[in-house]
Structures are given as C-alpha cells and as structure tokens.
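Under this note's numbering, the first residue of the sequence shown carries the number 3, and numbering increases by one thereafter.
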Amino acid sequence: MGFDQYHEPPQELPEQTRTFARLCASLTEEAEAIGWYQQRLAVERDPEARAVMADAVGEEYKHFSMDLEFLLRRTPKWREIARGVLFQDGDIVEHGEAAEAAAGDEEGETSELEPLADSGSLGIGSLRGEGL
3 MGFDQYHEPP QELPEQTRTF ARLCASLTEE AEAIGWYQQR LAVERDPEAR AVMADAVGEE
63 YKHFSMDLEF LLRRTPKWRE IARGVLFQDG DIVEHGEAAE AAAGDEEGET SELEPLADSG
123 SLGIGSLRGE GL
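Written as structure tokens, this is what we have:
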C-alpha cells in the first residue's frame, strides 16, 4: 500500500504530522468524490438514480466539512485565514488577501500544528464566532 501523502520519510515525521497528512489526503479524496458526483448528476436522466447520487454527494459534503474542520482546529493560522474568507459576501480574492495580511503571513513563516483538544475546547464556540 502506498502512502504518497508523505513527502518526507514517514518514520522521521511526528505522529501529529502524519495524522495531519492523512486528513489532508482525506480532504482531497472527498473533494474529488464531490466533483465526480457533480459530473454524474449533470448527465444522469433517471430520476431515481439522480436521487441516490444526490443523497451520496451529501455524505461527501459532510465528510469534506468534517475533514476541513479537523485540519482548521489543528492549524490556528489556517483557521484565522479561513475565518476571513469563508461565509463572507463580496470579493473572495479581496477577502483572501485581507485575511492573509491580518494573519501576519510573512515569507518563510510556518505554522505549527496545535491540537485544540488539549486546550479543553472542542471549538464549538467557533460555530457562533466565539471562543477563538
């Protein structure tokens, strides 16, 4: 079985980084599945088949969202930038540029993985824009 999500020797990576890589791979796979279902739904004429596929793509949306939330909880800087872009009206690119600047993105800067579970918070307040 291949593990192409690693670009460095897996045995040299901390467990937290390997978990993060697994969830990144899962996020990519869910996005790919959503794209496949969108294509299938675009051409399928049978209403019953469409209903089955529409239900299935809903599961993919849920899984994609869960993977993304997991990753955002582990990467505060990514979460901060996402907060400035997601669910905002207006120009997406402008929001992205502003969010990146507000996050203090500097060339060469990296963001450490920080599990929020250790803080005692499950991030539920973040659903209301609180507790972050």
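No residue lacks a Cβ here, since even glycine has one placed at the ideal position from N, Cα and C. Predicted model, so just to flag it, every value in this text is computed and none were measured.
Asked: Does the segment 89-98 come close enough to the segment 51-69 to have 3 or more Cβ pairs within less than 8 Å?; Found: no
Asked: For H9, is the classification buried or exposed, using 16 other Cβ atoms within 10 angstroms of its Cβ as the cut-off for buried?; Found: exposed
Asked: What do you reckon, are the CB atoms on F72 and L15 nearer than 9 Å?; Found: no
Asked: Please go through the segment 17-59 and give each complete alpha helix (DSSP H) segment of 4 or more residues, from N-terminal end onward.; Found: 17-45
Asked: Identify whether P11 lies in helix, strand or coil by the three-state DSSP scheme.; Found: coil
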